[in-house]
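In the numbering used here, the protein residues as written are 36 to 195.
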């Protein structure tokens, strides 16, 4: 992944938008590696490039102990980077109720601190959640940044 970023950064003319499908779990990567990738994201941002990534494909991952009990939620990377736009998916469960789909991830980074621009949304969320904070880092960068209907929707092409 870092090699791809180096190649893109060293190319003179590049697209202004990249959609990245790659996700990994933060705890499987070293913090320094993720921070190095984040520097490359910032470099691309300084060139006017926007980076999008899906928030993950497995819901809230978790770390379990020998008895199979969840001890901590696992964060996705690069969704956890503050320099990428993370996209989540929702579904309408009734005509008036929209909720996150089980295959779309979300959470809080263990590596990257929460940027101040997230405080307005995250602080009220943290005051309402019933999930104990021992499962996640409440001061980490929250993701996804935005979610939209990602399943059970109609696609129309050429009026069909």
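Note that CB positions come from ideal geometry on N, CA and C, so glycine has one too.
Query	Result
Under the three-state reduction of DSSP, which class applies to residue 97: helix, strand or coil?	strand
Who are the Cβ neighbours of residue 82 in its own chain at under 8 Å, not counting the five residues just before and after it?	49
Using 7 Å as the threshold, is the C-beta distance between residue 97 and residue 108 below it?	yes
For residue 111, name the three-state secondary structure that DSSP assigns.	strand
For a test of the three-state rule: what should DSSP assign to residue 174, helix, strand or coil?	coil
So, is residue 88 buried or exposed, given that buried needs 16 or more other C-beta atoms within 10 angstroms?	buried
Report the three-state DSSP secondary structure of residue 145 (helix, strand or coil).	strand
Quick one, are the C-beta atoms of residue 121 and residue 144 less than 7 Å apart?	no
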